[in-house]
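Chains as they are written, first to last, in the numbering used here: chain A, 1 to 290; chain B, 1 to 373; chain C, 1 to 202. We treat Cβ as the ideally placed atom computed from N, Cα and C, and that holds for glycine.
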Amino acid sequence: MAKDDHTAYAYLRTTKKFPNIWCAGCGIGIVMGALIRAIDRIGLDKDEVAVVSGIGCSGRMPVYLDFNTMHTTHGRALAFATGLKLAQPNLKVIVVMGDGDALAIGGNHFIHAARRNIDLTAIIINNLIYGMTGGQYSPTTPLDMRASTAPYGHVEPPFPICELSIAAGATFVARSTVYHAVELDRLIEKAIRKVGFSVVEAVSYCHTTYGRLNRMGSSVEMMRMLKENSISLAAAENLKPEERATKIIRGVLHEVEKPDYLTLYQKVIEHAKAAVDGKEFLRAGPGGLE
Amino acid sequence: MVVRLMQGNEAVGWGAIAAGCRFYAGYPITPSTEIAEMLARELPKLGGIFIQMEDEIASLAACIGASVGGMKAMTATSGPGFSLMQEHIGYAAMAEIPCVIVNVQRLGPSTGQPTSPSQGDIMQARWGTHGDHPIIVLYPTSVPEAFDLTVTAFNMAEKYRTPVILLMDEVVAHMRERFETPPSEAIRVIDRMGTSVPPEWYKPFGDTVGDVPPMPSFGSGYRYHITGLYHDLMGYPTQRLDEINPWIERVHRKISAHLEDILLYREENTEDAKVVIVAYGITARSARHAMKIARQHRHRVGLVTLYTIWPFPEEVILRVGRTARRVVVPEMNLGQLALEVERVVGRHKVVRVNRADGTMIAPQMILDAIEGR
Amino acid sequence: MKGKEQSKRFEIRLAGEGGQGMILAGVILAEAAAIYEGKYVVQTQSYGPEARGGASKAEVVISDEPIDYPEVLSADVLVAMSQEACDRYASNLKKEGLLIVDVDKVKRVPLTTAVKIPITRAAIEASGKAITANVVALGVLVGLIGVVSREAIEKAILARAPKGSEEMNCKALARGFAEAEALLAVKQKAQKGLAIGTWDTG
C-alpha cells in the first residue's frame, strides 16, 4: 500500500487543511483513493479532470483533490456536470454522489443524465443512509432497518442503483464495495474510459449512524460484512436466485456501445450550419431574414 | 440598417447571441418558451449548445456548469420555474459564477394564469434565494430594450461575476415592435476577466485585483475549487470569521461600489414635477402615456423609468422625491417596489396604483392617481 | 383622456376564433406598417389556453412617433370575425370608429354604420380556401381606410405566405380590395350616407 499512498499524495491538495472531515473508519476515503489510482493509471493530466459533487459526506471529496473541482448543491451535481461537459468536452468529468444525493433529491437528474447518455462518470457511494445529517433513511435503506427517521423500522423498499441505471440508459454500470479497493479502482478506470454515461456503485457503510442505529458494530465489523455478503458476478452465476438476492454482486453488470450526447449533438450543429450556409452573425441575426 | 417586426422573447434571444451567449439550458414554460425555441434554432448555427433539461433546477445548474467551463450561459423561465431556480441563483451568487436568468413573469402565485401579465416577482427576484446576497435585476419596457438589456445583463454578469436577472412582462415578451438591427460594432460586449499569473499564484476568490477576481475556465490550466459553502480566497470551505467577513464585504461591495455603472434609469420631466411617477416594465409605458396627457392639462408630472430595479436606485428616488408632492408607483402587483419607494421618500408621499388580476394598468388609472382621484 | 397623442395613434383590433388567423393578420398588418412604411408599430395579442379554437384577438397600434401604451385604448377599427368578438369589443370602438364584420358569422351587429361583408365566403370564392379569410379582411381594411398602402400590405402578405400559396393569397387580397371599392363607390353615391366618410381613404 505504500506505493499507492505515494501515488495519492501527488493528486491531493496539500494546502487544504487536512485531516479530512470524514469519521475515522469511513469508506469515502477508500473511494477517493480508488478514483486517484484509476486516474493515475489512465494517465490523465490533472488539468483535464473535473470532479463534481453534490451535498453530503461524499460531497466533500472534491476539495481534497487537485483537479478542477466543484462542490455543488444537493442532488444537482449531474446537472452542473452536464453544463460543464458540454462547454468543455475535453474535460473528463467525474461526478461523486451519495445515495440520497443521487437517487432521492437528485433522482430525476440521475435518470435523465443516463437517458441523455452524457459522457460523464457517476460514482455513487452507497452507505444506505444520510450520514451527514445524522442517519435519516435514504432511497437505498433496506426494509425493516432503522434510521433516525425510521425509529420503528423502515417500510419503504429500496432502489436498486445498478438496475435503475441500466433501465435509464447508462452505457456502463458496475458495482463493488469499499472492502474491494483494488477491484473498485479497476472498475472506476473502466468507467472513466467508457464514452457515455457510466455508473459505478461503490457500496460503503456508515458505522457512525446506520451501524449504531442497527447495532452492527464498528467500521471493522461493517467492512467484514461487505466482504462476506458480496460475491463476484462470475461466482454469482452458480447461486440460486434466492441466494443471489441476498448478496452484493460485484463486477461490470452492464456495458453497451452507443453514441454519446455530444457526438449526436455534433450532427445538430452540422445540420444547423448547413441551413445557415456559412452566413455571418448579423446576416443570420436580427433582420437577417430580409 | 435592417428594420423588422420582432417579438420581445425573440429579441432576448438575439440579444443573448449578440452578447456572446453560446449556451442555453431551459425547461419549457409559458410565456417564455419562444426564447428557448429561438435559441434551439439559432445557437447550433454558431456552434453553440442548446439543451432542454429535466426541470428548471437542472437548467440553471447546467448554465452555471457551462459558465465554469468558459461559456456565456443563459436560461429563461416564468414564475413557477423561477421559484425552482432560487437555489441556484444563490449558488451562482455565492460561487460568483456569471449567468443570466430571464424571468418572463406571469400571474401567480402557483400556476396562476400562464398567459396573463404580472409584475409579481419583484421581491422574489431580489430575495427569492435564502441568505443575503448581491444581485442585479434589469427590466425592459419594449422589444428593442429587451435586446439591449439582454446584452447589458451579460455584460454585467461577466464584469461583476454575478448572476443577473432579466425580468420581463408577458406583454413585452409577446408583443411585436419595430426593431432596427444595430450594427455589430455598435454592440458593446464585455467578457469576464481572465488571468495570466502562474497557476500556483492564482486565487479564484482573491481580492488583489479590485473586487472582482479574474475567472479562468475549468480546463484552462487553472485548477481550483468552487463551492456553495463559505470559502476562503482559494475557494476552500472555511468557518473562520476573518475569512467569511471580508468575503461578504467584497461581494456586496463589488455591486454597491459600481452603482453609477449598474443603475440604469430614465428621467422625463422630473425637474419641475410636482407629481413623479416611478415605474418599470410595461407599466412605465402606461405611465408615459398618462404623463403626456397630464402635461397637456398643465399638470407638472414627471416620470422615472427604472431599467435596473435591483439594486434599488435610492439616490435617484430620493432626489426626485424631495421636490415632488406626490410619488405615484403603478405596478401590476399589490405593491412591491412601492415598499422601497416608501422607504426612501416616506409613506405619506407615495400613492400606489395596483392591480394583480392579469390586466395591464391603463393610463387612466395612473391619471386618476395623479389627479388625486 | 383626449389630447394630441391620441390623434397620432391609430388603433386596430382584429378578433375572432382561434384558427381564423386573426393574430397572423395582426402580425402582417404590423409588418406592413413597420417594415414597408417605416412607422412605429406595436402588435399585441391575447388568446386562451387552447392550441386550437377559443377566442383570439390581435391588436395593432400604428403611429408616426414612438408608441407608449401598447394596447388599444379605444379602437379606430374593429374587425370581428365571430359573434363573440363583436359582442365583446364593439362597445370599445371610438365614436366615429369603423366596425367590419363577417356577416355570415356575426348576425347581431350593434352599429347601423357597420361594414358587413361575407368575408369567409368571399375568401372561399376567391381562393378556394376559407383560411384566406384573414387576408380578405386585410384587403377590406386597407381598401377602406388605407392605414398602410396596398403595396405594403401585399409585400407583407407575400413575405409571410408559405411557398406555393402566393397566388392564392394574392387572389384573396384582391377580393378584399374589390369589396372595399364596391363599398366606397356606394358611399360616394350616397355622399353623406355612410359613417365611414370620416375616414381618410388615402
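Buried or exposed for residue i, please, with buried defined as at least 16 other CB atoms from any protein chain shown within 10 angstroms of its CB.
i	result
residue 28 of chain B	exposed
residue 241 of chain B	exposed
residue 15 of chain B	buried
residue 312 of chain B	buried
residue 110 of chain B	exposed
residue 248 of chain B	exposed
residue 170 of chain A	buried
residue 45 of chain C	buried
residue 200 of chain B	exposed
residue 246 of chain A	exposed
residue 101 of chain A	buried
residue 105 of chain B	buried
Give the secondary structure of residue i by DSSP, where H, G and I count as helix, E and B as strand, and everything else as coil.
i	result
residue 251 of chain A	strand
residue 201 of chain C	Bear in mind that the predicted position of residue 201 of chain C carries a pLDDT of just 39, short of 50, making it too unreliable to give a figure here.
residue 305 of chain B	strand
residue 374 of chain B	Residue 374 of chain B lies beyond the residue range present for chain B, which begins at 1 and ends at 373; the question has no answer from this structure.
residue 206 of chain A	coil
residue 1 of chain B	coil
residue 22 of chain A	coil
residue 325 of chain B	coil
residue 290 of chain A	Residue confidence for residue 290 of chain A is low, a pLDDT of 27 falling below 50, so the modelled location carries little weight; the figure read from the coordinates is stated next. Coil, per DSSP.
residue 386 of chain B	There is simply no residue 386 of chain B to check, as chain B begins at 1 and stops at 373 in what is shown.
residue 294 of chain A	With chain A covering only 1 through 290, there is no way to say anything about residue 294 of chain A.
residue 176 of chain B	strand
residue 364 of chain B	helix
residue 194 of chain C	In this prediction, residue 194 of chain C has a pLDDT of 48, which is less than 50 and means its spatial position is unreliable; what the coordinates show is noted afterwards. The answer is coil: DSSP assigns residue 194 of chain C none of H, G, I, E or B.
residue 172 of chain A	strand
residue 97 of chain A	strand
residue 199 of chain A	strand
residue 178 of chain A	coil
Please name the residue, chosen from the options, that lies closest to residue i on a Cα-to-Cα basis.
i	options	result
residue 182 of chain A	A:56, A:16, A:37, A:60	A:37
residue 215 of chain B	B:233, B:243, B:201, B:192	B:192
residue 289 of chain B	B:133, B:357, B:361	B:361
residue 136 of chain B	B:270, B:126, B:333, B:86	B:126
residue 60 of chain B	B:38, B:30, B:98	B:98
residue 196 of chain A	A:229, A:257, A:204, A:235	A:257
residue 286 of chain B	B:254, B:328, B:115	B:328
residue 354 of chain B	B:345, B:363, B:330	B:330
residue 70 of chain C	B:45, B:352, B:178, B:70	B:178
residue 228 of chain A	A:252, A:202, A:242, A:177	A:177
residue 76 of chain B	B:165, B:112, B:317	B:165
residue 122 of chain A	A:96, A:205, A:134, A:111	A:96
residue 156 of chain B	B:171, B:229, B:108, B:261	B:261
residue 168 of chain C	C:96, C:130, C:73	C:130
residue 73 of chain C	C:190, C:161, C:12, C:139	C:12
residue 172 of chain A	A:67, A:194, A:156, A:189	A:194
residue 251 of chain B	B:42, B:90, B:133	B:133
Hey, quick one: how far does the alpha helix (DSSP H) through residue i stretch, first residue to last?
i	result
residue 143 of chain C	133-145
residue 243 of chain A	241-244
residue 289 of chain B	281-296
residue 84 of chain C	83-89
residue 168 of chain C	166-190
residue 256 of chain B	241-256
residue 33 of chain B	33-42
residue 39 of chain A	28-42
Does at least one heavy atom of the ligand ADP sit under 8 angstroms from the Cβ of residue i?
i	result
residue 111 of chain A	Summarising the ligand content, the structure contains no ligands, and the ligand ADP is consequently not present.
May I ask which residues mark the beginning and end of the beta strand (DSSP E) holding residue i?
i	result
residue 99 of chain B	99-105
residue 121 of chain A	121-126
residue 169 of chain B	163-169
residue 77 of chain C	75-80
residue 24 of chain B	21-26
residue 99 of chain C	93-102
residue 265 of chain B	265-268
residue 56 of chain C	55-63
Inset, instruction - Starting from the N-terminal side, write out each stretch of the beta strand (DSSP E) that is 3 residues or longer and does not extend beyond the stretch 52-86 of chain A. - result: 68-71
Inset, instruction - Report the residue ranges of all alpha helix (DSSP H) runs contained in full by the stretch 6-42 of chain C; include only those spanning at least 4 residues, in chain order. - result: 22-31
Inset, instruction - Within the stretch 48-128 of chain B, note down every full alpha helix (DSSP H) run reaching 4 residues or more, in order along the chain. - result: 56-68, 79-95, 122-127
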